[in-house]
Amino acid sequence: MNFNKKLLLLLIAVAGICTGLQAQSKTQELSSPNGEIKVSLNIADRIYYTVSCDGETLLEKNHLALNLKNETLGSNPRLLSMKRLKGNEVLKPYIALKYASVKNDYNSLLLNFKGDYAVEFRAFDEGVAYRFITKKKGSLEILNEDFSVNFPAEYALHLQQAGGFKTAYEEIYTHLASKDWKPENKMSTLPVLIDTKKKYKVLISESDLSDYPCMFLKGTGDNGMAATFPKVPLEFGDDGDRSVKILKEADYIAKTTGSRTFPWRYFVITKEDKQLLENTMTLKLASKSVIKDPSWVKPGQVSWEWWNDASPYGPDVNFVAGYNLETYKYYIDFAAKFGMKYIIMDEGWANSTRDPYTPNPKVDVHELIRYGKEKNVGVVLWLTWLTVHNNMDLFKTFKDWGVKGVKIDFMDRSDQWMVNYYENVAKEAAKHELFVDFHGSFKPAGLEYKYPNVISYEGVRGMEQMGGCYPDNSIFLPFMRNAVGPMDYTPGAMISMQPNVYRAERPNAASIGTRAYQLALFVIFESGLQMLADNPTLYYKNQECTEFITQVPTTWDETKALEATVGEVAVVAKRKGDKWYIGGMTNGKKEERNISVALDFLEKGRTYTMTYFEDGINAGRQAMDYRKKTIQVKAGDSIPVKMVRNGGFAAVIN
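Numbering (this note's numbering), first residue to last: 5 to 658.
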């Protein structure tokens with residue numbers, strides 16, 4: 005071959021390489037259906053992406069990768085092909101926490117790379133999401149996952165910082181400047197809420213979590229954050245009746261099948277804080293239900309004895325109160341009187357926490373199930389996760405007994421083993437038509453849609469924390485924890501106090517915040533199983549409050565945020581059938597808040613009756629003070645909502 009021909013071939017080869025490099029580094033863009041949110045992808049030495057809204061960059065030069073044992077997916081990626089798709093469907097979740105019907109419209113971009121993997125991005129009007137997809141033979145060991153997010157300016161971060169991977173997701177929220185979150189500081193559970201200090205906020209969480217650990221985030225020290233994950237536990241040791249010690253861990257975070265989709269990482273992007281209260285991103289990205297007919301799952305309210313220490317009293321309690329047959333019958337009678345579906349029997353119903361088959365003879369579970377059936381009240385039984393793990397056939401036994409559901413507690417872990425445990429429990433419980441309420445749990449991440457019998461999760465600093473549960477922290481819950489899925493906060497206190505005078509413990513448990521605040525929580529907080537935590541005696545003594553609480557639905561047809569400022573105030577209206585409910589809550593920053601709420605959501609040409617509960621004139625000092633009023637309203641009216649410090653507002657319109 006002569007020199008000129010060789011030179012020509014070399015030039016052609018170089019040109020080909022340059023063209024390939026140009027294709028590799030070319031930016032791809034994906035926009036939301038309304039065009040407001042945009043993801044710009046740059047495929048270079050890594051897969052980079054920048055997220056913007058209305059042309060303003062919110063997150064920049066983020067990158068992603070999946071670190072396998074022998075390769076890193078996303079390192080020097082070679083793009084083979086791209087495919088753009090549009091999603092347009094209507095979702096009808098069986099447990100409808102916000103809406104009976106949800107439009108799921110999105111634009112997607114599927115990027116196929118050399119090495120048998122792909123990355124799919126989706127852009128919705130409410131945010132963006134991405135996931136890895138692998139098509140490899142055999143199994144994979146995932147050493148780590150690179151989820152790195154960078155901020156173009158100093159942002160404010162709202163975090164739940166855990167001391168380690170052993171956590172029940174009950175830490176108080178902390179609030180940091182993004183540049184102050186250093187690698188040596190505590191990591192955060194999901195969700196994380198980012199305040200850009202302009203009009204935009206970004207909520208980060210995950211969905212379709214299966215056979216993979218929960219993601220945590222840590223600060224990079226360089227105005228950004230990155231993922232960290234618990235490793236797979238390999239050996240366990242004894243640690244009492246409700247936990248185990250991890251004696252040995254793998255060097256990987258997951259061992260899983262080589263051909264699969266991985267969890268979605270999502271960003272809810274809002275211009276108004278109201279949108280956080282209305283978002284449905286976890287649902288939109290979750291797997292479809294594998295239960296063909298979940299009609300046996302009955303969401304509802306439940307009376308709970310633990311918070312008030314099973315201590316009814318008064319002239320109608322002519323027995324020694326406690327964890328015994330007579331007391332539980334009293335709770336069943338209370339539930340029946342107010343149309344509640346269930347009672348929970350917490351720790352003590354069994355003779356031993358390790359043995360789920362032998363009831364405590366003082367309690368007589370079988371008689372209570374029979375009595376409850378007579379009164380149309382179902383029984384829910386509490387268990388430790390370890391006892392369930394050691395006795396997975398108990399679901400069949402409980403079904404035979406007539407139990408309706410189980411409350412499973414103290415998991416306190418989020419590694420791959422434990423995530424799989426949740427799904428195994430959901431599956432086994434579904435086989436025998438039992439619902440599950442997970443306590444001591446991580447946050448929801450889609451399992452509740454795949455298995456609608458997973459009716460709620462704790463994973464929240466709720467009222468069981470007594471004085472450690474206060475409105476300045478709880479006001480973040482509608483914007484963060486409850487914004488990603490159902491939340492078993494256990495509301496309903498009838499003894500209310502302001503924080504400066506709080507003194508209480510079981511059996512006279514009390515809450516911080518006003519009485520109207522407590523009533524409002526039943527409207528604002530979302531859970532398929534909503535507890536009434538207090539003593540039936542106090543509910544009888546506060547009849548009009550109890551009548552309001554027990555008429556509030558646990559599933560909804562429609563949700564409208566009326567007023568919302570993260571960390572300050574939340575007011576929502578929710579519809580079930582032709583009834584509307586309004587709930588409002590606020591923190592302790594101001595002595596009094598006065599808000600005008602427009603009733604545009606009502607049907608025009610009709611007059612409604614609104615019965616509402618507001619903070620009384622002395623509620624700022626004596627938190628029990630409230631006023632109940634009834635007025636006539638119609639569409640177009642605006643109503644004044646007054647809330648004192650740590651106060652609330654609750655209404656029903658029909």
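For each residue, glycine too, the CB sits at the ideal point set by N, CA and C.
Going by DSSP, what residues sit across from residue i in a beta bridge?
| i | result |
| --- | --- |
| residue 631 | 618 |
| residue 117 | 83 and 121 |
| residue 652 | 589 |
| residue 88 | 113 |
| residue 127 | 111 and 132 |
| residue 604 | DSSP, once it has assigned bridges, lists no residue as partnering residue 604. |
| residue 385 | 349 and 410 |
| residue 613 | 636 |
| residue 280 | None; residue 280 has no bridge partner. |
| residue 507 | The partner list for residue 507 (beta bridge, DSSP) is empty, contrary to what the question assumes. |
| residue 493 | The partner list for residue 493 (beta bridge, DSSP) is empty, contrary to what the question assumes. |
| residue 151 | 68 |
| residue 644 | 600 |
For residue i, I'd like the list of residues in its chain whose CB is within less than 8 Å of its CB, leaving aside the five on either flank, ordered along the chain.
| i | result |
| --- | --- |
| residue 291 | 212, 214, 450, 453 and 454 |
| residue 195 | 207, 208, 209, 447, 484, 485, 487 and 488 |
| residue 129 | 36, 37, 38, 40, 41 and 109 |
| residue 595 | 624, 648 and 649 |
| residue 373 | 383, 405, 406 and 407 |
| residue 60 | 202 and 204 |
| residue 293 | 98, 453, 454, 455 and 456 |
| residue 346 | 304, 305, 306, 307, 339, 381, 382, 383, 384, 408, 409 and 533 |
| residue 27 | Residue confidence for residue 27 is low, a pLDDT of 41 falling below 50, so the modelled location carries little weight; the figure read from the coordinates is stated next. For residue 27, where only same-chain residues beyond five positions count, the Cβ hits under 8 Å are 83. |
| residue 31 | 44, 45 and 46 |
Mapping DSSP to helix, strand and coil, what is residue i?
| i | result |
| --- | --- |
| residue 468 | helix |
| residue 502 | coil |
| residue 660 | With the chain represented from 5 up to 658, any question about residue 660 goes unanswered, as that position is not in the structure. |
| residue 401 | helix |
| residue 370 | helix |
| residue 391 | helix |
| residue 17 | With a pLDDT of 41 at residue 17, under the threshold of 50, the modelled position of this residue cannot be trusted; read the value that follows with caution. It is helical. |
| residue 439 | strand |
| residue 540 | helix |
| residue 253 | strand |
| residue 176 | coil |
| residue 415 | coil |
| residue 455 | coil |
| residue 286 | helix |
If I follow the unbroken beta strand (DSSP E) through residue i, where does it start and stop?
| i | result |
| --- | --- |
| residue 550 | Where residue 550 is concerned, there is no enclosing beta strand (DSSP E), although the alpha helix (DSSP H) it sits in stretches over 547 to 553. |
| residue 56 | 51 to 57 |
| residue 359 | 359 to 363 |
| residue 477 | Careful: residue 477 lies outside any beta strand (DSSP E), inside the alpha helix (DSSP H) at 475 to 478. |
| residue 199 | 196 to 199 |
| residue 562 | 562 to 569 |
Which two residues bound the contiguous alpha helix (DSSP H) that contains residue i?
| i | result |
| --- | --- |
| residue 666 | As displayed, the chain neither begins before 5 nor continues past 658, which places residue 666 out of reach and without an answer. |
| residue 396 | Run containing residue 396: none; DSSP gives neither H nor E here. |
| residue 302 | No alpha helix (DSSP H) contains residue 302, which DSSP labels as neither H nor E. |
| residue 242 | Counting along the chain, residue 242 falls outside any alpha helix (DSSP H), though it belongs to the beta strand (DSSP E) covering 237 to 242. |
| residue 339 | 329 to 341 |
Starting from the C-beta of residue i, find all residues in its chain whose C-beta is less than 7 Å away, skip the five residues before and the five after it, and write them out in chain order.
| i | result |
| --- | --- |
| residue 253 | 235, 236, 237 and 238 |
| residue 92 | 109 |
| residue 3 | This structure cannot settle anything about residue 3, because the visible part of the chain is limited to 5 through 658. |
| residue 107 | 94 |
| residue 240 | 248, 249, 250 and 251 |
| residue 136 | 70, 77, 121, 123 and 266 |
| residue 142 | 262 |
| residue 315 | 325, 511 and 539 |
Looking only at its chain, what residues have a beta carbon closer than 6 Å to the beta carbon of residue i, apart from the 5 residues adjacent to it on each side?
| i | result |
| --- | --- |
| residue 561 | 104, 579 and 580 |
| residue 227 | 155, 182 and 183 |
| residue 557 | 580 |
| residue 508 | 514 |
Of all the CB atoms in chain B, is at least one closer than 8 Å to the CB of residue i?
| i | result |
| --- | --- |
| residue 469 | The question asks about chain B, but that chain is absent: this structure has only one protein chain. |
(message) Could you check whether the stretch 529 to 542 touches the stretch 69 to 89, counting it as contact only if at least three pairs of C-beta atoms, one from each stretch, sit closer than 8 Å?
(response) no
(message) Three Cβ pairs or more, each shorter than 8 Å: is that satisfied between the stretch 618 to 626 and the stretch 645 to 657?
(response) yes
(request) Spell out a yes or no on whether the stretch 338 to 357 and the stretch 540 to 556 are touching, meaning 3 or more CB-CB pairs, one atom from each, closer than 8 Å. (result) yes
(message) Taking 8 Å as the cut-off, does the stretch 458 to 467 touch the stretch 255 to 272 (at least 3 CB pairs, one atom from each stretch)?
(response) no
(message) Quick test of the definition: if touching needs 3 or more C-beta pairs under 8 Å, does the stretch 380 to 390 touch the stretch 407 to 417?
(response) yes
(request) Decide yes or no for the touch test of the stretch 359 to 366 against the stretch 393 to 404: beta carbon pairs closer than 8 Å, at least 3 of them. (result) yes
(message) Three Cβ pairs or more, each shorter than 8 Å: is that satisfied between the stretch 122 to 136 and the stretch 300 to 314?
(response) no
(request) Flag this pair as touching only if the stretch 274 to 286 and the stretch 297 to 304 have three or more C-beta atom pairs under 8 Å; answer yes or no. (result) no
(message) I want to know whether the stretch 148 to 161 touches the stretch 279 to 286 - three or more CB-CB distances under 8 Å.
(response) no
(message) Pairs of beta-carbons, one from the stretch 514 to 530 and one from the stretch 491 to 501, closer than 8 Å: are there three or more?
(response) yes
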